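In this note's numbering, the protein residues as written are -3 to 444.
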């Protein structure tokens, strides 16, 4: 039987897996600098979490969810997005009662949507995002925008533009829905089936239609900016003023509505154009929402958040040759000269690993030249050789793979010897204390 992965999924391994890990780690680190903390809701939720939270008019709920009935006759769904999951997590565990507001969380993990597979779009993909819950202010909206923009800048995306819009408060949206229904009523029979369904469920979603023939109707539709309530207009003006004060580029896009029903007030997307002029479109998006926690029988707290698709981000970085060098490398590769010395090699490798060094060993000893080639292939800085003479004298031969210099070192002194070598290779005056550690992740060394 020729077993393959499920259509619309893909295996991630090798350098691609390293890139995912590097990008996710950097995003997590920056989120923590903004005082966001990690949460990990389960992949599997009861379907009601999404039908109540995401909204029945959204394409996700109507067409894209992986839903099944379990053995207890309960409807369960593989999560298609994170925000509703986190609202359920917060209300069920009453985190609002034991933590200071706003509640600030970040997440990273797989989501599942039954979409048509195409280049860069999968049915299982990974999202990184944040949610800030419990404070209703323009400042909270802007903080998430600044966080997302900082992440994109930090991974090397310089030509990022923020597309911004306001969906207003409930008063705004009620008046705007009526205006859209009156406008689209004379065209709706000529528009796509999806738009015809959206006309009844949520006419704002018509503005997000991607069907080319429908765009001629959409481009002349009423603008939500003309229906913003006084409070929503003042809030949106404050968001724009704060972004300008922070020198963050943005442009107002009246057609931006986002694809989920829970959004209100500020919504935004991050668009990227490469240095070669290639427009990648939206690489991330988010916005403000209200009443979502109330849907889960929690307090009526608003929230704001965004998400990035990791696959899309890695694809953009790869295309623009912006991925950092994330190749696997070793501090040392231990090479026993005979199979009877493998256990001793394992003991030495274990000793060095405890001290924080990345070490592998050869389990099938061969000719010395062949093992050196393996050390080179593994990008090892040092080769540690164990032969009969070394075992008898409790020593090893350690060879610097770059300089080709080798020395005989007592096993008891091996850690100190490597510490000294690594310290001399890592001298700096940045004040990070890296000379006391085996591996440095400080900003100064990442730039070097």
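We treat Cβ as the ideally placed atom computed from N, Cα and C, and that holds for glycine.
These numbers come from a predicted model, not from an experiment.
Confirm, please, whether the CB-CB distance from residue 88 to residue 107 is below 7 Å.
For the pair residue 107 and residue 88, the CB atoms are not nearer than the 7 Å cut-off.
Pick helix, strand or coil for residue 9, following the three-state DSSP scheme.
coil
Per DSSP, residue 141 forms a beta bridge with which residues?
Per DSSP, none; premise fails for residue 141.
How far does the alpha helix (DSSP H) with residue 347 in it extend, from its first residue to its last?
First-last of the alpha helix (DSSP H) with residue 347: 338 to 350.
Roughly how many whole angstroms lie between the Cα atoms of residue 304 and residue 328?
36 Å
Are residue 158 and residue 246 touching if we call contact CB-CB under 7 Å?
yes
I believe residue 171 touches residue 248 by the beta-carbon criterion, under 8 Å. Please report the beta-carbon distance rounded to the nearest angstrom.
Contact flag wrong, Cβ pair sits at about 19 Å.
Comparing alpha-carbon positions, which option in 390, 340 and 324 lies nearest residue 377?
324
Taking the alpha-carbon of residue 371 as reference, which of 105, 40, 228 and 357 has the nearest alpha-carbon?
357
Measure from the alpha carbon of residue 269 to the alpha carbon of each residue in 82, 309, 263 and 175, then state which is nearest.
309
Note down the Cα distance separating residue 222 from residue 29, rounded to an integer number of angstroms.
38 Å
Under a Cβ-count criterion, where at least 16 other Cβ atoms within 10 Å of its own Cβ denotes burial, should residue 77 be classed as buried or exposed?
buried
In this structure, what does DSSP give as the bridge partners for residue 226?
Per the DSSP secondary-structure output, residue 226 pairs with nothing in a beta bridge.
Leaving out the 5 sequence neighbours to the left and right, which residues in its chain are closer than 8 Å to residue 293 when beta-carbon positions are compared?
87
Can you give me the C-alpha to C-alpha distance between residue 276 and residue 192, rounded to a whole angstrom?
29 Å
From what residue to what residue does the beta strand (DSSP E) around residue 259 run?
Per DSSP, the unbroken beta strand (DSSP E) holding residue 259 starts and ends at 259 to 269.
Identify every run of the alpha helix (DSSP H) within the stretch 285 to 319, keeping only runs that are complete inside it and at least 4 residues long; order them along the chain.
288 to 291 and 306 to 315
Can you grab the Cα-Cα spacing for the pair residue 31 / residue 331, in whole Å?
45 Å
According to DSSP, is residue 373 helix, strand or coil?
helix
How many angstroms separate the CA atom of residue 423 from the CA atom of residue 411?
Caution is warranted here: a pLDDT of 49 is assigned to residue 423, below 50, making its placement in the model unreliable, and the coordinate value is therefore given only provisionally. Straight-line spacing of the CA atoms in residue 423 and residue 411 works out to 18 Å.
Taking only runs that begin and end inside the stretch 85 to 164, name each unbroken beta strand (DSSP E) of 3 or more residues, in chain order.
Taking only runs of at least 3 residues, the beta strand (DSSP E) segments lying wholly in the stretch 85 to 164 are 99 to 108, 120 to 129 and 156 to 162.
Between the alpha carbons of residue 348 and residue 38, how many angstroms are there, rounded?
If you draw a straight line from the Cα of residue 348 to the Cα of residue 38, it is about 36 Å long.
With burial defined as no fewer than 16 other Cβ atoms inside 10 Å of the residue's Cβ, what is the status of residue 274: buried or exposed?
exposed
Count the other C-beta atoms from every protein chain shown that fall within 10 angstroms of the C-beta of residue 333, then say buried if there are 16 or more, exposed otherwise.
buried
Looking only at its own chain, which residues have a Cβ that is under 8 Å from the Cβ of residue 155, when we skip the five neighbours before and after it?
Excluding sequence neighbours, residue 155 sits near 268, 269, 270 and 271.
Taking all protein chains shown into account, do 16 or more other C-beta atoms lie within 10 angstroms of the C-beta of residue 353, making it buried, or fewer, making it exposed?
buried
If I'm right that residue 390 touches residue 406 with Cβ under 8 Å, what's the distance once you round it to whole angstroms?
6 Å
Would you call the stretch 338 to 345 in contact with the stretch 379 to 388, where contact means no fewer than 3 C-beta pairs closer than 8 Å?
yes
Could you give the residue range of the beta strand (DSSP E) that holds residue 406?
Run containing residue 406: 402 to 406, per the beta strand (DSSP E) assignment.
Give the DSSP-derived three-state secondary structure of residue 1 in the structure shown.
coil
Suppose you measure from the CA of residue 314 to the CA of residue 9; what does that come to, to the nearest Å?
Rounded to the nearest angstrom, the two C-alpha atoms are 15 Å apart.
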